[in-house]
Structure formats: C-alpha cells, structure tokens
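Residue numbers (this note's numbering): 752 to 1045.
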C-alpha cells in the first residue's frame, strides 16, 4: 500500500536568520540615512558641533522611518507574496504579530525622542506617524498622491534638522535642498509603482502605474527629473554651495535620473525598472555625499 505523501513544510528559520530578517524589515539602509539627513539639516543650517536637539531629532526620524517601512510591509503583504516573495513577511521569517509589535515599539520610541525635544516636535512626530499610517491604509492606493506624500516627508528631514538646530532660520536655510530631495524621492517612488505593477493589479490596488500605465509614469518622472536638475542648481547660486556639491549631485543624481528616463522611455518593463531603481538607490547616497560637501 503506497504511503501518503506528506505536505511539505518550510524549513525552520534559525534565531540568527530571524534577527537578520527583522533588521531587513526595518530597512536600516533607508532608516539610518533618514536620521543622517536630519543631522545634515543641522549641519547645513550652520549648527557645528551639533546640538543635543539635533541628535534627538535624528534618532526620532530614524525610528519613525523604520516604523513606516515595517507598517508598509504589513499593509503590502498580499502584493509582496507576488512581487517580492523573499521579503521577511511573505517568506515567513518574521510573523505578522511580531512585525506589529516591532512597528508599535518603533513608533513609541520615535515619539518619546521627539517629546524629549519639546511638545511641538512631539506633535509633529505624532502627525508624521498618523500620515504614514493613513498612507498605508488608504493614500498608497491613490494614483500619485501617496508617492508625493512620501517625497514630502523625505524632504522634510532636512527641515527638521535645520529647525532643531537653529529654529526658523535653520528651517528656511534648508528649503532649497529639501526641494531637491522632495522631487527626487517622488520620482523614485513613482517608478516603484511601475516595478510592482503586476502584483498591484492582482491585488486590486490603484497606483500610478495600474491606473495610468507605466509609460505615463516614465513621462512624469521625466518632468520631475527636469525639476530636480533645476532645484539642484539653485543652492549653488543662492546659497553658495560648493562646486563639489554641484558636480556630485549633477552626475550622481541628475545624470542617473535622466539616464533612467531615457532607458525606460520605450520599454518600462518591471525588469528594466528594477535596474533603474537599483541605480537610483546609489543616487540617494550620492546626494547625501553632495550635501555633506556643500
């Protein structure tokens, strides 16, 4: 009598593997640079050495950014099972209950650090957390609106650092570099919708790519690339930023955005979009270096 075939079960994950998966879930490669942008915001505002307020603001931003990524993966679990099955949640390396606890811990820690600066920064941190939660629940499924929100929050990191270090004077000093960051991140977020279009369609999500199509996305990214190039020139003219800043941001950020548009203009398949997004990940760090040398 033939033996019944037992259902296959996934191999158990080791404690070390689960720890690494938890770190991946927090996207430290993005959360730590977000904290670094707050530090850079204080530096650009002329606060050297950095004050305790800037350090606290940077820590709060890092925690809030990590919360955003964990909560985003929880909201996107159905799509990620199709688009990114190797991510910690769809792969089963981190359970949903554990991820929810981690998100709550990060949100609470970010709020506490912000409140250590003052009631005003604490209220701002609470507002950002609420916006991220709403983004994951509803706004992410609005064609383009959610992408603009993420771009705006990313650009706000420089303003936070400037304000924490030098008040309104520091905030105003960082408006131009913040605008560069807003348009660049918005362009990158729009491209992500073209990368994830297959899974998003199956899940019934309304994104820029599922509603308007990937060619429409590429053409909007082209507009944002032009605006980013313009904004990146203005700090050199208006604020006296160094030519090292201009050279690095021109080649490492503007140049890569223009290349991505040209590469995707006739064929914006997910594989080609993934290639461009990998390059734009490097552009993000090139932008950090440019601001450091400004």
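The beta-carbon is built from N, C-alpha and C at its ideal position, and this holds for glycine as well. Model, not experiment: these values are computed from the prediction.
Over the uninterrupted alpha helix (DSSP H) stretch that includes residue i, give me the two end residues.
i            : result
residue 1095 : It is not possible to answer for residue 1095, since the shown part of the chain is limited to 752 through 1045.
residue 919  : 896-924
residue 875  : 870-888
residue 961  : 959-963
residue 998  : 994-1000
residue 778  : It is not in any alpha helix (DSSP H) - residue 778 carries neither H nor E in the DSSP assignment.
residue 831  : 828-834
residue 840  : 839-842
With distances taken from CA atoms, which of the options is nearest residue i?
i            : options                : result
residue 956  : 826, 770 and 936       : 826
residue 991  : 928, 823 and 906       : 928
residue 766  : 830, 843, 832 and 1028 : 843
residue 882  : 802, 912, 900 and 939  : 900
residue 906  : 892, 1045 and 1038     : 1038
residue 828  : 978, 954 and 781       : 954
residue 976  : 952, 994 and 937       : 937
residue 859  : 817, 771, 802 and 967  : 817
residue 968  : 870, 1012 and 978      : 1012
residue 848  : 863, 869, 824 and 867  : 824
residue 979  : 951, 995, 933 and 1015 : 933
residue 1029 : 799, 803 and 940       : 940
residue 781  : 831, 821, 770 and 893  : 821
residue 801  : 958, 993 and 917       : 917
residue 835  : 1017, 949 and 1003     : 949
residue 935  : 958, 870, 963 and 904  : 904
residue 891  : 958, 874 and 799       : 958
residue 1014 : 966, 998 and 862       : 966
Rounded to whole angstroms, what's the CA-CA distance from residue i to residue j? Just pull it up for me.
i            : j            : result
residue 797  : residue 865  : 21 Å
residue 983  : residue 931  : 6 Å
residue 961  : residue 943  : 12 Å
residue 819  : residue 885  : 11 Å
residue 913  : residue 1040 : 18 Å
residue 919  : residue 911  : 10 Å
residue 851  : residue 887  : 13 Å
residue 1044 : residue 853  : 35 Å
residue 1027 : residue 971  : 15 Å
residue 973  : residue 764  : 43 Å
residue 830  : residue 964  : 18 Å
residue 915  : residue 805  : 5 Å
residue 874  : residue 908  : 15 Å
residue 768  : residue 856  : 21 Å
residue 770  : residue 994  : 42 Å
residue 869  : residue 789  : 17 Å
residue 996  : residue 1002 : 10 Å
residue 895  : residue 952  : 15 Å
residue 846  : residue 832  : 14 Å
residue 999  : residue 799  : 23 Å
residue 872  : residue 889  : 25 Å
For residue i, which of helix, strand or coil comes out of DSSP?
i            : result
residue 954  : coil
residue 983  : helix
residue 801  : coil
residue 1022 : helix
residue 929  : helix
residue 947  : coil
residue 937  : helix
residue 1044 : coil
residue 764  : coil
residue 845  : coil
residue 796  : coil
residue 991  : coil
residue 816  : helix
residue 1033 : helix
residue 754  : Note on residue 754: pLDDT 43, under 50, position unreliable in the model; no value is reported.
Worksheet item: Okay, do the segment 978-989 and the segment 907-923 touch, 3+ Cβ pairs below 8 Å being the bar?
Response: no
Worksheet item: Is the number of C-beta pairs between the segment 806-813 and the segment 775-793 that are closer than 8 Å three or more?
Response: yes
Practice prompt. Taking 8 Å as the threshold, find out whether the segment 811-822 comes into contact with the segment 771-786 through three or more Cβ pairs.
Written response: yes
Worksheet item: Should the segment 1009-1022 be regarded as contacting the segment 944-953, the criterion being three or more beta carbon pairs within less than 8 Å?
Response: yes
Worksheet item: For the segment 768-777 against the segment 833-853, are there 3 or more C-beta pairs whose distance is under 8 Å?
Response: yes
Item to complete: Determine contact between the segment 1032-1044 and the segment 1003-1018, defined as no fewer than three beta-carbon pairs at a distance below 8 Å.
Response: yes
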